[in-house]
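Chains as they are written, first to last, in my numbering: chain A, 25 to 411; chain B, 25 to 411; chain C, 25 to 411. From the three backbone atoms N, C-alpha and C, an ideal C-beta is built for every residue, glycine too. Each remark here refers to the structure printed beneath this line.
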Amino acid sequence: MNEIYNRLRELEKLSCNLYNKDFLLTWENSVDNLKAVMLIAEILQMLHTQKKVWRIFDYGLAISIFRDNSTRTRFSFASAVNGLGLGLAELDEFKSQIAHGETVRETANMISFLTEVIGIRDDMYPGEGHTYMKEVADAVAEGYESGILAQRPTLVNLQSDLDHPTQSLSDLLKLKDYFGSWEALKGKKIAMSWAYSPSYGKPLSVPQGIINLMTRFGMDVVLAYPEGYDLLPETLDCAKAFATESEGSFTQVHSMADAFRDADVVYPKSWAPMAVMQRRTELLKQGDQQGLKDLEQYCLAENKKHIDWECTEDMMKLTKGGNALYEHCLPADISGISCTHGEVAKSVFERYRLHTYQEAGFKPFVIAAMIFASKIKDSAKKLRDFC
Amino acid sequence: MNEIYNRLRELEKLSCNLYNKDFLLTWENSVDNLKAVMLIAEILQMLHTQKKVWRIFDYGLAISIFRDNSTRTRFSFASAVNGLGLGLAELDEFKSQIAHGETVRETANMISFLTEVIGIRDDMYPGEGHTYMKEVADAVAEGYESGILAQRPTLVNLQSDLDHPTQSLSDLLKLKDYFGSWEALKGKKIAMSWAYSPSYGKPLSVPQGIINLMTRFGMDVVLAYPEGYDLLPETLDCAKAFATESEGSFTQVHSMADAFRDADVVYPKSWAPMAVMQRRTELLKQGDQQGLKDLEQYCLAENKKHIDWECTEDMMKLTKGGNALYEHCLPADISGISCTHGEVAKSVFERYRLHTYQEAGFKPFVIAAMIFASKIKDSAKKLRDFC
Amino acid sequence: MNEIYNRLRELEKLSCNLYNKDFLLTWENSVDNLKAVMLIAEILQMLHTQKKVWRIFDYGLAISIFRDNSTRTRFSFASAVNGLGLGLAELDEFKSQIAHGETVRETANMISFLTEVIGIRDDMYPGEGHTYMKEVADAVAEGYESGILAQRPTLVNLQSDLDHPTQSLSDLLKLKDYFGSWEALKGKKIAMSWAYSPSYGKPLSVPQGIINLMTRFGMDVVLAYPEGYDLLPETLDCAKAFATESEGSFTQVHSMADAFRDADVVYPKSWAPMAVMQRRTELLKQGDQQGLKDLEQYCLAENKKHIDWECTEDMMKLTKGGNALYEHCLPADISGISCTHGEVAKSVFERYRLHTYQEAGFKPFVIAAMIFASKIKDSAKKLRDFC
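See below:
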């Protein structure tokens, strides 16, 4: 129980403004806000382990809108809202279309009369996902302010074109747990590296989320990718500013080996170049099936040129003491298991497998914490009641 | 709180027999029954706004069977049963087929061992939907009476070929709220008018439900539609009788302008002619794909002849003071937004948009009230406990 | 209430080790374990009838994985976990594929951070279903033991290639209710007989489950099937041993009439020959669509040779007093209703229809009892608290 009370005391010292707020991007939030979400997540996880109840709702719905497939995040959201006392309802309507404007505004209100939370995953189209989340948020805010809705549903970003905050905060909680404290992360080197995958079109939100979160905590963040596999430029600018602020650093290289050298943490993960994702969005809007097929072929061929971007045992030997922590959002493309050549060697993955499970295990509680902090004005007080 | 207690006192004066009953058609119910459902709905909504609990079940399932697509009604049902304390389970089995007889009888019991409520939407086939609901109701009644089921699941009509009671009662609650009382509705003119839509095959249950509900409350109900867009004859006869009884009126015209003139309320909404819906059902049963395509083309061409049946600003100027209340069950076909030409002009819809949201906002509570009244013998007493 | 207390006293006398265990096969369990599950099921059903609460969880998920279609079992599982206090989440990921190994291991953990129960149906492929369930069980056991999961999700077999324990225990509970006691079953003859069906590929788990359960309780079990419609050999060996142990008997015949003669209970039900199911699995793995079509044609033709294996009125006259109890897991192929020629004559089925509903009505409580016994160390004590 001391572990919980230590965190409660830390939480009480923070100055955060999460009450009645949506959670869409880590970089819109102060470091205190981020720490608050993570502390609440840790406390909820401990309460769960102790089989204590942390329900804050007597009834109400949580709605998930998945415009891209998901198993891990879907079940994390389902778990989080169940623990908080909400019923889950999934909205499929917009799954296969890019809907905007009037329709979104109306539907968002129609489904929200007893809704406390809306979780959205919309990560495939640069310029679309975050915009869509804002539209939904604005629509229910209007509904609430005009008295149509008795409560304002909290929006939670379950992965957008820009950020994947429930993932990156889970990754960071794993680092805190592994290295012992937030202080211990200062000056630690993390290599966020592109890695080869035989698939195509993976979203950019994980690397963008990692470089913009770890730079807030004084880490030395190295982003590595082959020429052309650019992230969205505004996310790079943001990461640079954060690094300066936190007295960490942010550098970019075009070699996995350079990134791995002396790294404390490695995060080898495939993504599609921003330009490809933008082209793909255009082709999808035009319904150009042939164009999409051609683009996929082109990209898979491009990817193949970088098949050596794999997190092998040799690559791991370059890291600090040869035993940097391996992180991944899962599922990883594991060479010899899920594909012939992938992001990571089988033996490397196997060694860190349970670490990646633990990393994923924070996610339900991070989601629950975002909702908790938005709904409960004095989170620490409420959490004390559960202890 | 006075608002709640006023309604509780009104509820206590009513003589209603909803206990242990299904809710399939408003016209099977006394005016007292209808008022009871609406009063309970208002009270539940107020309890929700005050963040008070109105749970009546410790556990149990509510099953929804949607044989036609739905977002608004689906989420209204999900919300209602969540608030009442039930878990939601959706039955997809019969989605794409017209199943009858033995299969229905057996399946209805197989899914009902812990089921308190079954909500059904089956609105596309004249002569089918209501019949199907009765079959399910009879099946679980047999199961209950023979001791197979420990409780009798309550059937709730979420839209049939005949009626859409959860919608029409929500529409009526909006009128009561807008004009101040049920008394105030007496002598008010409502224009239930066909309107042009570029789609085809919309069900008849909304206009049938409206003319048979508003005539119970002393309103002057005018039904307007182009020649040939007939409703089911028995629903017209019923509306005439109700109008006589309530000292309101029921008239039919074949001009939108005539209907709108001096109207206090307008409800412009597209539907398919009964004869078309019947023909469509036959073709579906025969699996005649070409016949269905031909019918659709024919109907869309017919519809186009009446493209001037649109709720425009000019049309609205004909109404009482030029500012009749606009009602719609949503989604509306809005000209210039969801289609080039539709049921309503963009500027008209936008002016009444939040009114239509509020109208829709009654629906979860109307559904909950139907269940509440069927399960709780002394509804008013139970509701007092929640205050 | 005496009925409940009698069962509680009986339960307290049993020596069972169900705590923290999965429920995959009846034949892995002692007779005391089986009796305990059935007694708990009966008690839970009585509590439900008395509208008493039997919730044991404050929150948590129950996950169902249906790799074959299901309505009855799906709703039984949904009902059981709802009554116990869990939220339901369905995992579709593996529906259409035979997934193994790493993927299963990882996904099982990823969905289980707040999961108390995983129910799996995987009955179509000999050698696959049970293996898959063990893999999932091993994966979450590893997760629990290594501290990744705060609780060990209990696996419940909702039908495998080997056994269908939630069905067979419901069938047995019906027999106990019908004949009055477990003692009364000793020496009663049950005919588990193949029956003709115009469909193809029905799983073997029901007959395998029946012969291996009823032989535990001293019944005279006769398995009847046309030459070639063999069950898995290991399940036959097991049934023989059980019959010896319980002083019942187990015999095989190739005539429905021989099996029915003087039977107290008949269970006429179609299944596919083991060899066909194995061949089908190979063809599915190879993706050989033509091979699958050919196999289906071959099997339907083979089935037709045995169209006289129907539970007719004449066949029923052969049974003890002409009125053996008819059992079926439902849905039955009823001649003249669901097909021209099927497993059972319409008049026979109709006479026993409500009996089959009651038989099915035990299933939600059998599932709940398996979970209850796995989660609660002293089940009887906990159940007393609910009375």
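In this structure, the CA atom of M70 (chain C) is about 7 Å from the CA atom of I28 (chain C). In this structure the stretch 333-346 of chain C touches the stretch 366-374 of chain C; the number of beta carbon pairs closer than 8 Å is three or more.
Annotated three-state conformation of E367 (chain A) is coil, per DSSP.
For G167 (chain C), the neighbours in chain A by C-beta distance under 8 Å run, in chain order, Y381. For F203 (chain A) and E130 (chain C), the gap between their C-alpha atoms comes out near 25 Å. Remark: C-beta atoms of P150 (chain A) and Q302 (chain A) approach each other more closely than 8 Å. Straight-line spacing of the CA atoms in F389 (chain B) and E166 (chain A) works out to 21 Å. In the DSSP secondary-structure assignment, D244 (chain C) is bridged to C:K213, C:S273. DSSP places D146 (chain A) inside the beta strand (DSSP E), whose first and last residues are 139-146. Cβ contact annotation for W218 (chain C) (same chain, cutoff 8 Å, sequence separation greater than five): P231, A248, Y249, P250, Y253, M280, P292, K293, S294, W295, H330, W333, in chain order. Contacts with chain C (Cβ-Cβ distance below 7 Å) from the stretch 68-90 of chain A involve H72, T73, V77, R79, listed in chain order. The beta carbons of M148 (chain B) and L228 (chain B) sit no closer together than 8 Å. Between V128 (chain C) and P177 (chain C), the C-beta gap is not smaller than 8 Å, which leaves the two residues out of contact. At a Cβ-Cβ threshold of 8 Å, K387 (chain C) and S184 (chain C) do not count as neighbours.
Rounded to whole angstroms, the gap between the alpha carbons of Y381 (chain C) and A356 (chain C) is 12 Å.
Looking only at C:L237, C:Y376, C:K158, the smallest Cα-Cα distance to L197 (chain C) is reached by C:L237.
Neighbourhood of I172 (chain C) in chain A, by CB distance below 8 Å: L378, Y381, Q382, G385, in chain order. Apart from the 5 residues on each side of it in sequence, F101 (chain A) sits with its Cβ closer than 7 Å to the Cβ of S88, G143, L182, I391 in its chain, given in chain order. In the DSSP assignment, Y291 (chain A) is bridged to A:M216.
With respect to chain B, the C-beta atom of I135 (chain A) has a partner C-beta closer than 8 Å. Listed in chain order, the positions of the stretch 194-227 of chain B with a beta carbon within less than 7 Å of a beta carbon of chain C would be empty, since no residue qualifies. If you draw a 10 Å sphere on the C-beta of D244 (chain B), you find 16 or more other C-beta atoms in it, and that means buried. Burial state of Q321 (chain B) is exposed, judged by a 10 Å Cβ sphere holding fewer than 16 other Cβ atoms. For L197 (chain B), the enclosing alpha helix (DSSP H) starts and ends at 189-203. The Cβ of E130 (chain A) sits closer than 8 Å to at least one Cβ of chain B. Bounds of the beta strand (DSSP E) holding Q183 (chain C) are 178-184. If you keep only unbroken beta strand (DSSP E) runs of at least 3 residues inside the stretch 32-115 of chain B, you get 85-90, 111-114. When only Cα atoms are considered, L108 (chain B) and F81 (chain A) end up about 14 Å apart.
Within chain A, the residues whose beta carbon sits less than 7 Å from that of G107 (chain B) are Y83, L138, listed in sequence order. For G225 (chain C), the closest alpha carbon among the candidates C:W51, C:N57, C:L319, C:L35 is that of C:L319. Buried is the label assigned to D146 (chain B), since at least 16 other Cβ atoms lie within 10 Å of its Cβ.
Using a Cβ-Cβ cut-off of 8 Å, S103 (chain A) counts as an interface residue toward chain C, since at least one Cβ of chain C sits closer than that to its own. Around A113 (chain B), the beta-carbon contacts reaching into chain C at under 9 Å are R98, F99, A102, S103, N106, L112. In the DSSP annotation of this structure, the continuous segment of the alpha helix (DSSP H) that includes R303 (chain A) starts and ends at 298-310. Annotation: Cβ neighbours of P355 (chain A) in chain C (cutoff 7 Å, chain order): E130. Looking at the DSSP output, L319 (chain B) shares a beta bridge with no other residue.
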